[in-house]
Structures are given as C-alpha cells and as structure tokens.
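> Chains as they are written, first to last, in my numbering: chain R, 1008 to 1354; chain V, 1008 to 1354; chain F, 1008 to 1354.
Just so it is clear, CB atoms sit at the ideal spot from N, CA and C, and this is done for glycine as well.
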Amino acid sequence: MYVRNAWYAALWSQELPAGQMIARTLLDEPVVFLRDDAGRAAALLDRCPHRFVPLSLGARVPGDRIRCVYHGLEFGLDGACAHNPHGNGRIPPAARTRAYPVAERHGMVWIWMGEAAATPETIPDYGFLEGGPDFLLSARDRIVIRAGAELIVENLLDLSHASFLHDGILGSAATVAAQTEVAQHERGLTVRRWMPNVPSPRLFDTFSEHPGRRVDMWFDMNWQAPCALVNDVGATDPGGDRSRGYRILGAHILTPETATTTHYHFAAALRVPPGHDAAQDARIGRTLSEIRRYAFEQQDAPVIEAQQRELLRAGPDAPRPALFEIDAGPVRYRRMMDEMLARETRA
Amino acid sequence: MYVRNAWYAALWSQELPAGQMIARTLLDEPVVFLRDDAGRAAALLDRCPHRFVPLSLGARVPGDRIRCVYHGLEFGLDGACAHNPHGNGRIPPAARTRAYPVAERHGMVWIWMGEAAATPETIPDYGFLEGGPDFLLSARDRIVIRAGAELIVENLLDLSHASFLHDGILGSAATVAAQTEVAQHERGLTVRRWMPNVPSPRLFDTFSEHPGRRVDMWFDMNWQAPCALVNDVGATDPGGDRSRGYRILGAHILTPETATTTHYHFAAALRVPPGHDAAQDARIGRTLSEIRRYAFEQQDAPVIEAQQRELLRAGPDAPRPALFEIDAGPVRYRRMMDEMLARETRA
Amino acid sequence: MYVRNAWYAALWSQELPAGQMIARTLLDEPVVFLRDDAGRAAALLDRCPHRFVPLSLGARVPGDRIRCVYHGLEFGLDGACAHNPHGNGRIPPAARTRAYPVAERHGMVWIWMGEAAATPETIPDYGFLEGGPDFLLSARDRIVIRAGAELIVENLLDLSHASFLHDGILGSAATVAAQTEVAQHERGLTVRRWMPNVPSPRLFDTFSEHPGRRVDMWFDMNWQAPCALVNDVGATDPGGDRSRGYRILGAHILTPETATTTHYHFAAALRVPPGHDAAQDARIGRTLSEIRRYAFEQQDAPVIEAQQRELLRAGPDAPRPALFEIDAGPVRYRRMMDEMLARETRA
Ligand code: FES
Ligand code: FES
Ligand code: FES
Chain R
1008 MYVRNAWYAA
1018 LWSQELPAGQ
1028 MIARTLLDEP
1038 VVFLRDDAGR
1048 AAALLDRCPH
1058 RFVPLSLGAR
1068 VPGDRIRCVY
1078 HGLEFGLDGA
1088 CAHNPHGNGR
1098 IPPAARTRAY
1108 PVAERHGMVW
1118 IWMGEAAATP
1128 ETIPDYGFLE
1138 GGPDFLLSAR
1148 DRIVIRAGAE
1158 LIVENLLDLS
1168 HASFLHDGIL
1178 GSAATVAAQT
1188 EVAQHERGLT
1198 VRRWMPNVPS
1208 PRLFDTFSEH
1218 PGRRVDMWFD
1228 MNWQAPCALV
1238 NDVGATDPGG
1248 DRSRGYRILG
1258 AHILTPETAT
1268 TTHYHFAAAL
1278 RVPPGHDAAQ
1288 DARIGRTLSE
1298 IRRYAFEQQD
1308 APVIEAQQRE
1318 LLRAGPDAPR
1328 PALFEIDAGP
1338 VRYRRMMDEM
1348 LARETRA
Chain V
1008 MYVRNAWYAA
1018 LWSQELPAGQ
1028 MIARTLLDEP
1038 VVFLRDDAGR
1048 AAALLDRCPH
1058 RFVPLSLGAR
1068 VPGDRIRCVY
1078 HGLEFGLDGA
1088 CAHNPHGNGR
1098 IPPAARTRAY
1108 PVAERHGMVW
1118 IWMGEAAATP
1128 ETIPDYGFLE
1138 GGPDFLLSAR
1148 DRIVIRAGAE
1158 LIVENLLDLS
1168 HASFLHDGIL
1178 GSAATVAAQT
1188 EVAQHERGLT
1198 VRRWMPNVPS
1208 PRLFDTFSEH
1218 PGRRVDMWFD
1228 MNWQAPCALV
1238 NDVGATDPGG
1248 DRSRGYRILG
1258 AHILTPETAT
1268 TTHYHFAAAL
1278 RVPPGHDAAQ
1288 DARIGRTLSE
1298 IRRYAFEQQD
1308 APVIEAQQRE
1318 LLRAGPDAPR
1328 PALFEIDAGP
1338 VRYRRMMDEM
1348 LARETRA
Chain F
1008 MYVRNAWYAA
1018 LWSQELPAGQ
1028 MIARTLLDEP
1038 VVFLRDDAGR
1048 AAALLDRCPH
1058 RFVPLSLGAR
1068 VPGDRIRCVY
1078 HGLEFGLDGA
1088 CAHNPHGNGR
1098 IPPAARTRAY
1108 PVAERHGMVW
1118 IWMGEAAATP
1128 ETIPDYGFLE
1138 GGPDFLLSAR
1148 DRIVIRAGAE
1158 LIVENLLDLS
1168 HASFLHDGIL
1178 GSAATVAAQT
1188 EVAQHERGLT
1198 VRRWMPNVPS
1208 PRLFDTFSEH
1218 PGRRVDMWFD
1228 MNWQAPCALV
1238 NDVGATDPGG
1248 DRSRGYRILG
1258 AHILTPETAT
1268 TTHYHFAAAL
1278 RVPPGHDAAQ
1288 DARIGRTLSE
1298 IRRYAFEQQD
1308 APVIEAQQRE
1318 LLRAGPDAPR
1328 PALFEIDAGP
1338 VRYRRMMDEM
1348 LARETRA
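1. Where does Gln1191 of chain R sit, in a helix, a strand or coil, going by DSSP?
2. At what residues does the beta strand (DSSP E) containing Asn1229 of chain V begin and finish?
3. By the criterion of Cβ-Cβ separation under 7 Å, what are the contact partners of Val1183 of chain R in chain A?
4. Nearest by alpha-carbon distance to Phe1040 of chain F: which of F:Arg1058, F:Thr1187, F:His1057 and F:Gly1065 is it?
5. At a CB distance below 7 Å, what residues from the segment 1046-1078 of chain V approach chain F? Give them in sequence order.
6. Return yes when at least one heavy atom of ligand 3 lies under 7 Å from the C-beta of His1078 of chain F, else no.
7. Compute every distance between the C-beta of Val1060 of chain R and the non-hydrogen atoms of ligand 1, then say whether any falls below 7 Å.
8. Within the 8 Å Cβ cut-off, does Gln1186 of chain R reach chain F?
9. Considering Cα atoms alone, identify which of F:Asp1284, F:Ala1013 and F:Leu1236 is closest to Ala1124 of chain F.
10. Check the C-beta distance from Leu1348 of chain R over to Met1008 of chain R and give it rounded, since I have them as a contact under 8 Å.
11. In chain order, what residues of the same chain lie with their CB nearer than 6 Å to the CB of Ala1235 of chain R, ignoring the 5 residues before and after it?
12. Anything in chain R within Cβ reach of Ala1102 of chain F, meaning under 8 Å, just list it in chain order.
13. Could you name the residues of the same chain whose beta carbon sits closer than 6 Å to that of Gly1195 of chain R, not counting the 5 residues immediately before and after it, in chain order?
14. Is the beta carbon of His1090 of chain R sitting closer than 8 Å to the one on Ile1333 of chain V?
15. Under 8 Å, CB to CB, which of the residues in the segment 1314-1326 of chain R have a partner in chain F?
16. Could you spell out the range, first to last residue, of the beta strand (DSSP E) harbouring Asp1334 of chain R?
17. What in chain V is Cβ-close to Pro1037 of chain R, meaning under 8 Å?
18. Quick check on Leu1080 of chain R: does DSSP put it in helix, strand or coil?
19. Looking at the C-beta of Pro1245 of chain V, does it have a partner C-beta in chain F at a distance below 8 Å?
20. Taking the C-alpha atoms as reference points, what is the distance between Tyr1340 of chain V and Ser1167 of chain V?
21. Just how far apart, CA to CA, sit Arg1047 of chain V and Met1115 of chain V?
22. Are the CB atoms of Glu1312 of chain V and Ala1154 of chain V within a distance shorter than 8 Å?
23. Which of helix, strand or coil does DSSP assign to His1272 of chain V?
24. Chain F beta carbons: is any one of them nearer than 8 Å to that of His1168 of chain R?
25. Output yes or no for whether 8 Å exceeds the beta carbon distance between Pro1208 of chain F and Asp1223 of chain F.
26. By Cβ distance below 8 Å, which residues in the same chain neighbour Val1299 of chain V in space, the five residues on each side in sequence not counted?
27. Look at the Cβ atom of Glu1081 of chain R, then the Cβ atom of Arg1067 of chain R, and state whether they are nearer than 8 Å.
28. What residues in its chain sit with their C-beta under 6 Å from that of Asp1017 of chain R, if we drop five residues either side in the sequence?
29. For chain V, check one thing: does any of its Cβ atoms lie closer than 8 Å to the Cβ of Glu1099 of chain R?
30. Would the beta-carbon of Arg1011 of chain F fall within 8 Å of that of Ala1025 of chain F?
31. Is there a C-beta anywhere in chain R that falls below 8 Å from the one on Gln1172 of chain V?
32. Sort out for me which residues DSSP pairs Pro1203 of chain R with in a bridge.
33. Please report the straight-line C-alpha distance between Leu1177 of chain R and Gly1247 of chain R, rounded to a whole angstrom.
34. Taking 7 Å as the cut-off, does the CB of Cys1055 of chain F come closer than this to any heavy atom belonging to ligand 1?
35. What do you get for Val1151 of chain F, buried or exposed, if any count of 16 or more other CB atoms within 10 angstroms of its CB means buried?
36. Could you tell me whether any non-hydrogen atom of ligand 2 is closer than 7 Å to the CB of Cys1075 of chain V?
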C-alpha cells in the first residue's frame, strides 16, 4: 500500500543519458525511463503488452520509439503500439503499456504513478541543489536500503538518533538534552532542534579553521509527504548570526522500490565562509559527499535494515513499539500518512 | 497443474550410464533413474518410504536393487522394499515407493508420470536423431530455463520471433512479412512458414559454399502435446527442389522441472549436400551444436526468463496479454492444453 | 510449535566471555546473551521495545546495562528500560523487553523460554563433561543442521542407522542384527543395544593398542525431553567387565533455531585404560573430537538435511512414512512430544 497520487523521485538527471533506457522498480512496478529526441524524460510501464517481456531489453529506435526485443513490436512514448511488422500489421487496441507523467526539475526526474491527475505545483523543490555563490555541492548519490521507506522517514524525523548513531559526526553527548519542536504544515512536518553553546560536531569541524571550538547549532528537518525531506543544519559562533557561518542543506529523497526496499537519493549544499579557492572547494565537496554517504550507508542502513528484519520476523502480532517523547515527529508522520492513504482508498 | 498422462523426456540415454543413479526433478517430483543389470532404464520416486531420504543418495546393489543410505533398507525396481536387514526383518506393506513406466527410444529415456495406463504408441518419434546417409548430427544437449514450459512452447510456436530475437541467425527483416499457417492434427499443431527468395540466413550460410546468395526457405514447427517439438527448416536455390539442399530437423523437447523451471533438451540433424569429408563433417556438426546452444541459451532464455519474472510479479490480476495475428499458434496451443488438463481433471 | 516450558541449551559457557554480547536465534526468537558484572549469564529478547532494533547491535555499558545503538535508551538485565537520555527523560511502562531465566551448569548456559515458572531441577545433567580421573574430554562443539530438531532426535534414537550411515566408524554389518530395547522413564526414553562378540568399530580401534580384535559392545541412548541426549557406548573384551575398557559418554544437545534449522551441540568424555601420558591424551582428545564432528557434519547432516528438504517438498499431503521395528524409539518419542505439546497448549 503506497500513497500513489504524489511525485516520487525516479532518477538523478545525470543517470539518464540521451539514447539510453534505464529500468527501475518503483512502488513494486517495473518502469523504463528514456529521453525523447528533444531530450525530455519519459517513463513507461516496463512490460510489453504483448507477452510481458520488459521493454527495457529492447532498443530505442528512431521516431521516439522502443522496439520490443522479442517480436519487434514498436511503442511510442505514449505507451501505444505504433508498429506491428508482421503479416497484416494489425494492432489490437489493448496493445498499449502505461505511460507515466514525468517532470524534470533541479537535476531530478520525478514520476507520478497515481490514478489522479498529476499536480505540477506539488513537485518538491530542491532548488538549493543548483548551488549558488556561497554554496559548494556534494555529489548526487543513491543507495538502496533494504527497509521500507517509512522506517527511513522515521529515522530522519527523529533527530535524537543523531546523538547516538552518528555520535561524533553529527551529534554528541552535549546535544542529547536539546528540546525538539514539531510543527505540521500544509504538505508535511518540520522538526526543529536548537542547541546553543555545544562542541562543534565533526561534520563542521572538518571544514573549519577552528576545530574544537564551541558553537550554537541548529538542526531542522522538513518533510514533504510522502517521501521528500530537507534538513538544514548549521553552526555559528555562540550568539552569532545564523545567516552566516556553516550551514548544510541536505536533500533526502526516498522512493519505495518494494514494501521492504527503498531507493535513498541524497545530496547536499554547504555554505562556506568566503575566500576558499577552487582546490579547497573540490576537497570540501568530496569530503562532504563521503561523510554523508558514510553516515547513511555505514551507520543508518545497518540499523534500519536490522529493524526491518526484526519487524518482519515479529510479524503482525508483535507488541506495539513503546513510544517516547522523541517519537513526536514519527508519530505525527504516521498519522498523516494513514490519513493520506485513507483518502486515496476512498477516492 | 501438469498434463500427467503423457510421455516426458527424462534424460538423453547417454546421461544414464550403467551402474549409476541420476536424480532429476520432473513435474515437481523427485525421480531417480538407473539401469537394471540388463541395461534397461528404470525410474522410481526418489524418496525412501521409510524416512523420506532421497534413494539417489544410496547405493546401487546387486540384484537390481537400491540400498537406502540412511538405514540400509533395499528396494527393487518395482519400488517395493525387498530387504530389511534389521531385527526381525519384517517389511510393512506400505514400504514401497512409486515406480514409473519408462521407455527408451532413439537415444532418449521417456517417463510416464500419470495415473492412467501408459500408451507406448504415443512416445514422440525422434527417429531422425539416429542420423542417416545425408545427415550430420549435432550434440544432444540440455539446458535448464528458469521459466515455465508453456512459455517455451509458445516461443517455439511463434515463428515470428525468429526475425527479431534471432536476427541474422535464423531470420531477418526480409522474413518478417512471411505468412504463417497453423494446422491442428490429432496430437498437436503444425505451424508453417514459406519464405521465397530471401537472403540466406547465417545458420545455413555457415555451412554453404555460396554465402550471401538468395534462397527459398521454409520453417515448419510441429508440436506434439504436451512438450515435444520438431522444427524442419530448409533452404534451396530459388525455385529449387525441397528434397535437396540444406535442411535442419531440430528436436526441442521440454520437460517441466517445476511450474517455473524447465529442462530444455535439444539436438538436430543437418542434411548436407553430398561430397563432404569426415573432418568437414565434424566441424559442421560442432558448429551446428554451438549455434543452436547459443540461440537458445543466449538469445531465447534471457528473454523468456525475464517474461517469466514479469508474469510472476504481475500476478493473477495482471491484464491479459494483447493478442496479434502472430499468436495464432500459441493461442491454439493454450486451448488444446486447457482441454487436455480439463479431461485429466474430470477423469 | 515448540515445547517451551523446558530448558534449552543456549551456548557453551566458553562461547560467552565477559563483556561481550552474543546474539542467537532460539525457537524462532532473537535472544541476546551477556554476563553481568559478577559473571552471571543473562538473556534478553534481542529487540529494543522502542523501535525493534536488535539490542545486540548496541553496547554493554556500566551498571549491568545494554545501551541500544539507535537512540541510546538503556536497559537493565531484567529487561526494563532504566535510562532515557533525551528531553524530559520519561520512560513509558511498556519500555521493557523480555528477560529469560538462565542457568549455567557443567559448562553450558541453559535458557527457559516458556511461560510457566522455570524448574531448576529439570536442567539436564551433563556432569560427565566435567571429566574425571579416567576420562579424556573432546572439544565442546556446535554445528547448525538445516533440519528440524525432531529429525535429529529421531536419528539419534534410531540406533540402526549407525550400522549403515556410520558404517565402519560406529557400526558394521556385524551389528545390524542386534536387538534393541526401548524403555520409557519419567523424563524421556532409553534405547539400548547389546552386541556381543563383534569386530571392534573404528571409533574404539583408533584408541586401542589391539586394533582388529573382537569385543562385546553396548550402545545406549538416553533422551530427556525435549532435546537433551546422552549416549553411552562401550566395548570390552568378550565376556569382560563393563566397568572397565573403552567407554564414551556423548552429549548431543539440540536447540531449535527455527522449525527447520537446529543448533546441534556435542561433546564427549572417553574412558581410557590407565597409563596414558599427557601427549597421548591430547592426541586422543583431538581424534575423538574430529571423528565425532566428521560423523555428525559429514555423515548425518547431509542425509537429515535431504530428508528435511524432501519433507518440505512433499508437504502436508505426503503419505505417512512406513514404520519398521527399528522405529520403536522414534515412534515413542513422537508420542511423548505430542503429549507434552498438548499439555502446554491446554495450560
Ligand atoms: S513480447 Fe514484446 S513484441 Fe512480443
Ligand atoms: S530412510 Fe531409507 S532406510 Fe530409513
Ligand atoms: S530503537 Fe532502541 S533506543 Fe530506539
């Protein structure tokens, strides 16, 4: 059961070169992505309506068409069979695969897999990934986590885990006591944490000329339903100006592959003090990419995957999890998702 | 659900040397094959009736018996326990495994796994695999395809796929337009294709002194229910005599291993113009074996296996496939199989 | 369905060093084992009640506590959450994982996973593994067999298999005819076999100065429900005194991991004639360990695992196994287990 009437991240734009077909499983459905001759991204259900062979095994042929590898039927990007090379050449009306609405924005290809009409105004805004004068960019990266997307959203909305699971990198004993605020907005939630006068975490120290100093630090996480998150983490000198100093805007964009596996796309922009040179910038960008990948792949993923395995083993009769104050964000998230699912089911 | 009252290919004769036991899963049942002291093939359900250990783990012992590895009970080739070495030596009447009717013909061991009496007159005839004065033989080969047998029969009965999936080897753009005729006969179907004046496909060109010439070509496929196919492909000079020139008789013999995996046995006889020497013949036989294995293992199998995976993923609620004129053979095949299954279920 | 109100072997004591946490699946439940500061073994359900992450991924922290890796909640060895480092620090009453009764005896850690009160007096007695003046000890070993525990108990209670599966090592053609007696006692069964004047099996010959001689031999197997077995095998000169001569006391202690996989713990004590030196003793101990591991891992396991696979394939509709005189022990075992399960279900 997925919320379907929503935009999901499908591919970083760079993953889809002209002339290629990329197959990906999203929401348990096989999808093939390609670009038309004008470079526009398109997405079809990756299943030939003739004999169910994946279209992605075939060839991209002239006239914005895919030719199926098995019997050579050709399909347009609207999903309809456009050419039958055999015998009388007739094409039955059922010879049509599904075409999905697609949008490309700020370096990400988005797909709409629901039955309702797509709403372009709800495409999540990751404009900060375009960069800017004071911002360095990390790599645009992706891993597959063998856990349901909901466990990863809960991970991200529960800022408390940073102090333990990412001890040293993102949090520390000094950040544990910080109060957390949860606010609901039209399309999601924002969870906010303010940590005045704490030791600078390694994430910032790595880039700083003054490692080991104390900072005022914030850590905000914004979630837009169902799967798009942005975190805004920053540190200033105690009492300093939040519009200056280190700040990281992080994209965490999840797409269910199946009920228990998730594509996790991530990238970040780092605001740096002026005066860096290009070599330094490249090094900082690389370090930022590496630290983030390390935190997600080596710290979060093993724990969340173990959690998923344990949930599957415990089964539907398992006792309900014990809830703490730190679960305020995840609890609201679950409630909003349940409401969205219920609305879709009724509709 | 398998048609069970039928002969299925179990092993090439050469796969069953005297003194050995060969275990194979057929129609989801474990079967052990061996030869009696006179060399006759036999087949038993590969499951000791005592504690369900595979008999094939045991030993072939004198007196045409198998001794179970676990507690040493001995079984005759009729499946009955013939010796209990322990204590009072008594043997309960239930101590009997199933023995299957077996027939060996033209180098293939056939098995009958149904409840009805076996009918020797319906053993498929692959006499052409014995060779003859003008015929060279390929190797007798086998691969396991991870797809149901019905998908492979449909593949073979749909001649149109040759032009695309085997483009260059068996078909080409020039053969696409050819008309196909489907005829039903007592035990199956014949699908026929006649392609006058087309470029010679590589399959024949490989053996020919005149590569690149044009030929009249035929491609007939004969299916005997449930799983035995013969194709007859040939080429003559345009307007030439079909009783001369290149001709390949190909055996395609399928046996379900499980609902989604199939043993695919294949071999062929090639009619060659007179005057070849033995060294040439050996080379041609090898080439023929290699081309066929390549076409089935590298071209057909990946596509059919992808089709099978997609059918499993789509599940029983999937839309029905769109049918084209090229599906005339497969559609008749499905109907005949459904009728056979219904007859067996009623019986 | 497991008998749960019983002691199960969890770990050899040596497998649980101070300061470490060991995760093991027992009866389909994840369990984490550790020692308190006084060295006493403890066992908790290996599942944080907060978000179901395995506690064994966390850290052993001072004060006999485990700290969960994910959000740093701390749990005492009674399973209760003892510290919440976040925000207001409140702990909901549901924040408690299950603690299991544990006992350590003669080098084995035992666990009680049932709902009834644990009964210390029923801990199986493996005192002979402490050794003694005339006894040499094998290694304490463990393998995982991919078969249900009941198939292994049946293997052990059916002494007849020794003559075939362990032909040469433990039995031989000469031991086949021996009569077997089965006796029920309060907590289980004893199966006894007496084999006068037979060739000495390799198991003893290996240690003997007189290989190849004839011996009187006994082979008794004692089973205590549900999973604790001891065998007592010995050989004397024909007509000799059973309180002297070679004798092996073997521990076979099974614990279901899942319904189809089992932890098999084994160890043995060998009574040797006086006069061995230490180097000889070490060699004999090693040989004893190796022979036993070989017999279980290379001879029993492949057969029992094939049996399990075949039982799973045959499914619930399979015909019932044919029973022979040699099945007297296993048949009684099944009946006693069924009664125990029925009693637990009623309770
Ligand atoms: S399966 Fe695609 S053309 Fe036949
Ligand atoms: S299982 Fe075959 S003899 Fe016992
Ligand atoms: S899952 Fe253990 S503390 Fe949260």
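Working from what's here:
1. DSSP places Gln1191 of chain R in strand when its eight states are reduced to three.
2. Looking at the DSSP string, the run of the beta strand (DSSP E) that includes Asn1229 of chain V is Arg1221 to Gln1231.
3. Given the protein chain composition of this structure (R, V and F), no chain A is represented.
4. Relative to the Cα of Phe1040 of chain F, the nearest Cα in the group F:Arg1058, F:Thr1187, F:His1057 and F:Gly1065 belongs to F:Gly1065.
5. Arg1054, Pro1056, His1057, Arg1058, Phe1059, Val1060, Pro1061, Leu1064, Val1076, Tyr1077 and His1078
6. Correct: His1078 of chain F has its Cβ closer than 7 Å to ligand 3.
7. Relative to ligand 1, the beta carbon of Val1060 of chain R is positioned inside 7 Å of a heavy atom.
8. yes
9. F:Ala1013
10. 6 Å
11. Counting only Cβ-Cβ distances below 6 Å, and skipping sequence neighbours, we find Pro1131 and Ile1260.
12. Ala1329 and Phe1331
13. Counting only Cβ-Cβ distances below 6 Å, and skipping sequence neighbours, we find Trp1230, Gln1231 and Ala1232.
14. no
15. Gln1314, Glu1317, Leu1318, Arg1320, Ala1321, Ala1325 and Pro1326
16. That residue, Asp1334 of chain R, is in no beta strand (DSSP E); it is neither H nor E in DSSP.
17. Result: Glu1317 and Arg1320.
18. coil
19. no
20. 16 Å
21. 12 Å
22. Yes.
23. It is a strand residue.
24. yes
25. Not a contact, by the Cβ cut-off of 8 Å.
26. Here residue 1299 of chain V turns out to be Arg, not Val, going by the sequence shown. Excluding sequence neighbours, Arg1299 of chain V sits near Ser1145, Asp1148, Gly1257, Phe1273 and Ala1275.
27. no
28. Before going on, a small fix: residue 1017 of chain R reads as Ala here, not Asp. Excluding positions up to five away in sequence, the list reads Val1116 and Ile1118.
29. Residue identity check: residue 1099 of chain R is Pro in the sequence provided, not Glu. For Pro1099 of chain R, the answer is yes, since a Cβ of chain V falls inside 8 Å of its Cβ.
30. Inclusion of Arg1011 of chain F and Ala1025 of chain F in the CB contact set at 8 Å is not warranted, their separation being larger than that value.
31. It should be pointed out that residue 1172 of chain V corresponds to Leu in this sequence rather than to Gln. It does; some Cβ of chain R falls within 8 Å.
32. Paired residue(s): none; Pro1203 of chain R is not in a bridge.
33. 20 Å
34. No, the Cβ of Cys1055 of chain F stays beyond 7 Å of every heavy atom of ligand 1.
35. The residue is exposed, with fewer than 16 neighbouring Cβ atoms inside 10 Å.
36. yes
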